[in-house]
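Undergrad:
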Amino acid sequence: MHTKTGKLSTSPLTMLVDCCRLVSMQLLPTAIESYVQEHSTLETPLLSELRRETYLKVLMPRMLSGPVQGSVLAMLVRMIRPQQILEIGTFTGYSAIWMASALPKGGKLITLDINEELSEMVQRYILRAELQGVIEAKIGNALEIIPTLEETFDVVFIDADKANYPHYYELALEKLRSGGFIIADNVLWHGKVAASEKADRKTQVLQDFNAFVQQDSRVENVLLPIRDGLMIAQKK
Ligand SMILES: C[S@@+](CC[C@H](N)C(=O)[O-])C[C@H]1O[C@@H](n2cnc3c(N)ncnc32)[C@H](O)[C@@H]1O
Numbered sequence: 435m436h437t438k439t440g441k442l443s444t445s446p447l448t449m450l451v452d453c454c455r456l457v458s459m460q461l462l463p464t465a466i467e468s469y470v471q472e473h474s475t476l477e478t479p480l481l482s483e484l485r486r487e488t489y490l491k492v493l494m495p496r497m498l499s500g501p502v503q504g505s506v507l508a509m510l511v512r513m514i515r516p517q518q519i520l521e522i523g524t525f526t527g528y529s530a531i532w533m534a535s536a537l538p539k540g541g542k543l544i545t546l547d548i549n550e551e552l553s554e555m556v557q558r559y560i561l562r563a564e565l566q567g568v569i570e571a572k573i574g575n576a577l578e579i580i581p582t583l584e585e586t587f588d589v590v591f592i593d594a595d596k597a598n599y600p601h602y603y604e605l606a607l608e609k610l611r612s613g614g615f616i617i618a619d620n621v622l623w624h625g626k627v628a629a630s631e632k633a634d635r636k637t638q639v640l641q642d643f644n645a646f647v648q649q650d651s652r653v654e655n656v657l658l659p660i661r662d663g664l665m666i667a668q669k670k
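Sequential numbering from 435 applies to the sequence shown in the working numbering.
(1) For Glu570, tell me which candidate among Ala597, Gly541 and Asp642 has the shortest Cα-Cα distance.
(2) Does DSSP classify Gln566 as helix, strand or coil?
(3) Gln517: which of Ser529, Gly527, Thr526 and Met533 sits nearest, CA to CA?
(4) Going by alpha carbons, who is nearest to Leu546 out of Leu510, Val590 and Glu472?
(5) If you compare alpha carbons, which of Thr475, Gly500 and Phe615 is closest to Arg486?
(6) Just tell me which of Leu537, Glu554 and Leu493 has its CA closest to the CA of Arg512.
(7) Compute the minimum distance between the beta carbon of Ser529 and the heavy atoms of ligand 3, and state whether it is under 6 Å.
(8) Would you identify the three-state DSSP class for Ala594, choosing helix, strand or coil?
(9) Which whole runs of the alpha helix (DSSP H) in the segment 523-555 are 4 residues long or more, in chain order?
(10) Is Ser535 near ligand 1, judged by its Cβ being under 6 Å from some heavy atom?
(11) Expressed to the nearest angstrom, what Euclidean distance is found between the alpha-carbon atoms of Ile576 and Ile548?
(12) Assign Ile466 to one of three DSSP states: helix, strand, or coil.
(13) DSSP on Leu456, reduced to helix/strand/coil?
(14) Report the option in Glu631, Gly614, Tyr599 and Leu605 whose CA atom is closest to the CA atom of Ala645.
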């Protein structure tokens, strides 16, 4: 663990707390993270069950957005009032259900994932959430599926493999209406994007992605330091 000055911190307790934050993708101190959670709309019992089942049965469960980010995504959907959302990276359906539950009447969410093994679980929770007419979960490589979609989207949530973020961003811009929003997750990459030491490959990809969005004259953007970082870009 590195301190602000770049030197190694010596306290084992500090290192343990820092490690826990990294593992849970928490950038805030634990007490503040808990306070934020206690003062945000709670996940429904069904979402809580989905989160628990994901942690019990699925590899890499911390890929799931988590309750505060879920609440943020739902609030953004309530503010934007989109008719069409595209999500790239379904995983077990947690963020899809948060966002779809906040859609205005008649709204739709298409979510894409390459991993068909999670499909049964995703469908089971979509049915239990009574969102079968709202969420369409497609299996396959998002890079191949997106160009075939006929819809124009109001919001695209990018939350799949980081190496393809630049490609998802370009594909999303093509399918987005003017005034629509791209929301890209994990852009702080556990805070590593801002670290002074030499970046590993994934960190470099995200640094390049953030720099690209920052200079892209086609969008207005803001990087929100929520959980692992959300880059929000509005197409002009
Ligand atoms: C971080 S998880 C998504 C988490 C989910 N949005 C949530 O918050 O609960 C990333 C997902 O992207 C999927 N993925 C990776 N590469 C993909 C690709 N090329 N096309 C579609 N999905 C992909 C993975 O299978 C994984 O389930």
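For every residue, glycine included, the Cβ atom is placed at its ideal position computed from N, Cα and C.
Given the structure is predicted, the values throughout are model-derived calculations rather than measurements.
TA: From the atom records:
(1) Gly541
(2) coil
(3) Met533
(4) Val590
(5) Gly500
(6) Leu537
(7) This structure lacks ligand 3; its bound ligands are ligand 1.
(8) coil
(9) 528-535
(10) no
(11) Per the sequence shown, residue 576 should be read as Ala rather than Ile. So the alpha carbons of these two residues sit roughly 7 Å apart.
(12) helix
(13) Any reading at Leu456 must be qualified, since the residue scores a pLDDT of 49, below 50, and its modelled position is unreliable; no value is offered.
(14) Tyr599
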